[in-house]
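Novice: Please find one structure pasted underneath; my questions will follow.
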Amino acid sequence: MKPEILVVDDDASHRRMLSTVLAAEGYVVSHAADGIEAVEAVKEKFYDLILMDIQMNRMGGIEALKLIKEVSPGIPIIIMTGYASVNTAVDALKSGAYDYITKPLDIDDLMIHVKNALSHFRLEQENLFLKERLELQFDFSKIIGRSKPMVKMYETLSQVAPSDATVLITGESGTGKELVANAIHHNSPRKDKPFIKVNCAALPETLLESELFGHEKGAFTGADTQKKGRFHHAHTGTIFLDEIAEMPATTQVKILRVLQEQEFEPLGSSKTIKIDIRVIAASNRILEKEIESGNFREDLYYRINVVSVKIPPLRDRKDDIPLLADYFLKKYADKNKKMIKGFAPRTIDLLMRHYWPGNVRELENAVERSVILSREEMISPENLPDAIRKLEQEIPEDGAGFSAGKSLKEVEQQMILRTLEDANGNRTHAADILGISRRTLQLKLKKYNLQ
Numbered sequence: 038m039k040p041e042i043l044v045v046d047d048d049a050s051h052r053r054m055l056s057t058v059l060a061a062e063g064y065v066v067s068h069a070a071d072g073i074e075a076v077e078a079v080k081e082k083f084y085d086l087i088l089m090d091i092q093m094n095r096m097g098g099i100e101a102l103k104l105i106k107e108v109s110p111g112i113p114i115i116i117m118t119g120y121a122s123v124n125t126a127v128d129a130l131k132s133g134a135y136d137y138i139t140k141p142l143d144i145d146d147l148m149i150h151v152k153n154a155l156s157h158f159r160l161e162q163e164n165l166f167l168k169e170r171l172e173l174q175f176d177f178s179k180i181i182g183r184s185k186p187m188v189k190m191y192e193t194l195s196q197v198a199p200s201d202a203t204v205l206i207t208g209e210s211g212t213g214k215e216l217v218a219n220a221i222h223h224n225s226p227r228k229d230k231p232f233i234k235v236n237c238a239a240l241p242e243t244l245l246e247s248e249l250f251g252h253e254k255g256a257f258t259g260a261d262t263q264k265k266g267r268f269h270h271a272h273t274g275t276i277f278l279d280e281i282a283e284m285p286a287t288t289q290v291k292i293l294r295v296l297q298e299q300e301f302e303p304l305g306s307s308k309t310i311k312i313d314i315r316v317i318a319a320s321n322r323i324l325e326k327e328i329e330s331g332n333f334r335e336d337l338y339y340r341i342n343v344v345s346v347k348i349p350p351l352r353d354r355k356d357d358i359p360l361l362a363d364y365f366l367k368k369y370a371d372k373n374k375k376m377i378k379g380f381a382p383r384t385i386d387l388l389m390r391h392y393w394p395g396n397v398r399e400l401e402n403a404v405e406r407s408v409i410l411s412r413e414e415m416i417s418p419e420n421l422p423d424a425i426r427k428l429e430q431e432i433p434e435d436g437a438g439f440s441a442g443k444s445l446k447e448v449e450q451q452m453i454l455r456t457l458e459d460a461n462g463n464r465t466h467a468a469d470i471l472g473i474s475r476r477t478l479q480l481k482l483k484k485y486n487l488q
């Protein structure tokens, strides 16, 4: 079915113009003359998108936006404003607007905004449906996230978990590789069997083989008793080899044999032990590069990389930041017995704009710190770590740092230039900080002749 768009504007000629343009693109268009009519229209039927002016008689766009979100929270709303200011745009976005666009409208720019909003809404609904469907079959409740990259990962997990395949989990430090390994095991046929974890980076090379394979009494100095290794303990279950790239070459050879033959000998023993295990490995390194440098065996890589699960970094799933922040807030507020209701809007803005090199682990630490330092019911920017709080200088609450009387277009240009400067010209990083896609940033640079 053709998407239906509700145009809300008290200027009849402007409504007609938008109707003509949108209808020519194949959209079904309805009208409302002000915010009151818009709210009533949303109560009567569903719309795929709303284009709404911010300044109208009877009821303005911001007030109508809030009321519409109570009726239909998921509907994307693009605010149109000829009264450009930082505050009105920020108020609209904080109130739930998908985006804003300034008058007089650039039709090409408008169409890009409309198509992006409709595409985002469609994907969001598809992702929500898929996530809910998967959760009926698999328990991913401990993994937080509903963004498109996470839903894609859930789909992969739902396929690999019931199998007995060896899995390689990759991702930057702090993305939650152990959490994903847990999810694979606990949704597998081996879920009631042992789940043994080994951090290969945490064990000295001299002890790693003993920990993995066990040893006989007298096998080496200090081996006063016989000891079973973790592969032995994992029999019939799953073993998780975290940071496998840290494993020395001699141990890699023995791991390869375990994967191929499902057997090993403890140190100091000639007795072969047969085992039935599933192996899940993880690394924050790029193993292909480790192979090129001679640090990791190519044959072992192909053995552990039967199925690959890549966890997206937090900067690629920023829609999940409010969900994660709220989860950690509740966790540490309970732990520290503090009555904290939530985050101030500007705090969430800053969390969304930070680059998060430490990923979810860094976010958790930032929220824990904020909970401990907060004396109010809401977490304010002052409670955040310095690396995040400094971003507040880029969008001052009262307009400080921006010349009074400037249009939103001029302020946006200034913000883009300043952010690019802070990102040392890295457009991908700058787009992440601004909370927009790299393509959107490129379009804005072209629009403002800033390239």
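According to this note's numbering, the sequence shown is numbered sequentially starting from 38.
Using N, Cα and C, we set each Cβ at its ideal position, and we do this for glycine too.
On a predicted model such as this, the values are computed, not experimentally measured, just so you know.
#1: Would a C-beta distance cut-off of 9 Å place residue 72 and residue 89 closer than the cut-off?
#2: Determine the burial state of residue 491: buried for a count of at least 16 other Cβ atoms within 10 Å of its Cβ, exposed for fewer.
#3: Quick test of the definition: if touching needs 3 or more C-beta pairs under 8 Å, does the region 177-186 touch the region 278-293?
#4: What does a CB cutoff of less than 6 Å around residue 256 pick up in its chain, not counting 5 residues either side in sequence?
#5: Grab the span of the beta strand (DSSP E) containing residue 478 for me, first residue to last.
#6: Tell me where the alpha helix (DSSP H) around residue 50 begins and ends.
#7: What's the gap between the Cα of residue 261 and the Cα of residue 232?
#8: Taking only three categories from DSSP, how would you classify residue 45?
#9: Measuring only the C-alpha atoms, how far is residue 484 from residue 208?
#10: Any contact between the region 352-370 and the region 209-223? By contact I mean 3 or more CB pairs, one from each, below 8 Å.
#11: 9 Å is my cut-off, CB to CB: does residue 113 come that close to chain C?
#12: Please name the residue, chosen from 378, 389, 87, that lies closest to residue 472 on a Cα-to-Cα basis.
#13: For residue 79, tell me which candidate among 155, 41, 387, 64 has the shortest Cα-Cα distance.
#14: On a CA-only basis, which of 74, 267, 227, 416 is nearest residue 244? Give me that one, please.
#15: For the structure I just gave you, are there three or more beta carbon pairs, one from the region 409-417 and one from the region 372-387, closer than 8 Å?
#16: Between residue 149 and residue 128, which are expected to be in contact by the criterion C-beta below 8 Å, what is the C-beta distance as a whole number of angstroms?
#17: Look at the alpha carbon of residue 393 and the alpha carbon of residue 48, and state the distance between them as a whole number of angstroms.
#18: Quick check on DSSP: helix, strand or coil for residue 463?
#19: Assuming residue 300 and residue 310 form a contact by the criterion Cβ under 8 Å, report the distance between their Cβ atoms to the nearest whole angstrom.
#20: Threshold first: 4 residues or longer. Then list the alpha helix (DSSP H) segments lying entirely within the region 214-243, N to C.
#21: Do you know how far the Cα of residue 60 is from the Cα of residue 190?
#22: If you draw a straight line from the alpha carbon of residue 359 to that of residue 184, how long is it in whole angstroms?
#23: Just the C-alpha distance for residue 352 and residue 391, rounded to the nearest angstrom, thanks.
#24: At what residues does the beta strand (DSSP E) containing residue 68 begin and finish?
#25: Classify residue 321: buried if its beta carbon has 16 or more other beta carbons within 10 angstroms, exposed otherwise.
#26: Would you tell me roughly how many angstroms separate the C-alpha atoms of residue 317 and residue 456, rounded to the nearest one?
#27: Buried or exposed: which applies to residue 350, given that a residue is buried once 16 or more other Cβ atoms fall within 10 Å of its Cβ?
#28: Is residue 139 helix, strand or coil by DSSP?
#29: Count the other C-beta atoms from every protein chain shown that fall within 10 angstroms of the C-beta of residue 449, then say buried if there are 16 or more, exposed otherwise.
#30: Is residue 361 near residue 405, with beta carbons less than 9 Å apart?
#31: Let me check understanding here. Comparing Cα to Cα, which of 213, 217, 237, 116 lies closest to residue 398?
#32: Given that a residue counts as buried once 16 or more other Cβ atoms are within 10 Å of its Cβ, and exposed if not, what is residue 109?
#33: Leaving aside the five residues before and after residue 147 along the sequence, list all residues of the same chain whose C-beta is less than 7 Å from its C-beta, in chain order.
#34: Would you kindly work out how many angstroms separate the C-alpha atoms of residue 259 and residue 242, rounded to a whole number?
#35: Could you tell me the distance, in whole angstroms, from the CA atom of residue 409 to the CA atom of residue 116?
#36: Quickly, what does DSSP pair residue 319 with across the bridge? List them, please.
Specialist: Reading from the atomic positions:
#1: Cβ atoms of residue 72 and residue 89: closer than 9 Å.
#2: Residue 491 lies beyond the range of the chain shown here (38 to 488); nothing can be said about it.
#3: With the rule of 3 Cβ pairs closer than 8 Å, the region 177-186 does not count as touching the region 278-293.
#4: So the list reads 304, 305, once near-sequence residues are dropped.
#5: That residue, residue 478, is in no beta strand (DSSP E); its alpha helix (DSSP H) goes 475-484.
#6: Per DSSP, the continuous alpha helix (DSSP H) segment holding residue 50 begins and ends at 49-61.
#7: In a straight line, the C-alpha of residue 261 is about 27 Å away from that of residue 232.
#8: Strand at residue 45.
#9: When rounded, the distance between both Cα atoms is 36 Å.
#10: Contact between the region 352-370 and the region 209-223 is absent, because fewer than three Cβ pairs lie under 8 Å.
#11: Structure shown: chain C not included; a single protein chain is present.
#12: Closest in C-alpha terms to residue 472, from the list 378, 389, 87, comes 389.
#13: Of 155, 41, 387, 64, the residue nearest in Cα terms is 41.
#14: If we check each option's Cα against that of residue 244, 267 comes out closest.
#15: Yes: the two stretches touch, three or more of their Cβ pairs being nearer than 8 Å.
#16: Contact between residue 149 and residue 128 does not hold, since their C-beta atoms are separated by about 23 Å, which reaches or exceeds 8 Å.
#17: Rounded to the nearest angstrom, the two C-alpha atoms are 44 Å apart.
#18: Note: residue 463 maps to coil in three-state DSSP.
#19: The pair is a contact, with the Cβ atoms about 6 Å apart (cut-off 8 Å).
#20: Counting only runs of 4 or more residues that sit fully inside the region 214-243, the alpha helix (DSSP H) segments are 214-223, in chain order.
#21: Taking the straight line joining both Cα atoms gives about 37 Å.
#22: Spanning the two alpha carbons is a distance of roughly 11 Å.
#23: Rounded to the nearest angstrom, the two C-alpha atoms are 8 Å apart.
#24: Note, residue 68: beta strand (DSSP E), 65-69.
#25: Looking at its Cβ environment, which holds 16 or more other Cβ atoms inside 10 Å, residue 321 is buried.
#26: Roughly 41 Å separates the two Cα atoms.
#27: So residue 350 ends up on the buried side.
#28: Correct three-state label for residue 139: strand.
#29: That one is buried.
#30: No, the Cβ-Cβ distance between residue 361 and residue 405 is not below 9 Å.
#31: For the residues 213, 217, 237, 116, the minimum Cα distance to residue 398 belongs to 213.
#32: With fewer than 16 other Cβ atoms within 10 Å, it is exposed.
#33: So the list reads 138, once near-sequence residues are dropped.
#34: Near 16 Å, if we compare the C-alpha coordinates of residue 242 and residue 259.
#35: If you draw a straight line from the Cα of residue 409 to the Cα of residue 116, it is about 38 Å long.
#36: Answer is 206, bridged to residue 319.
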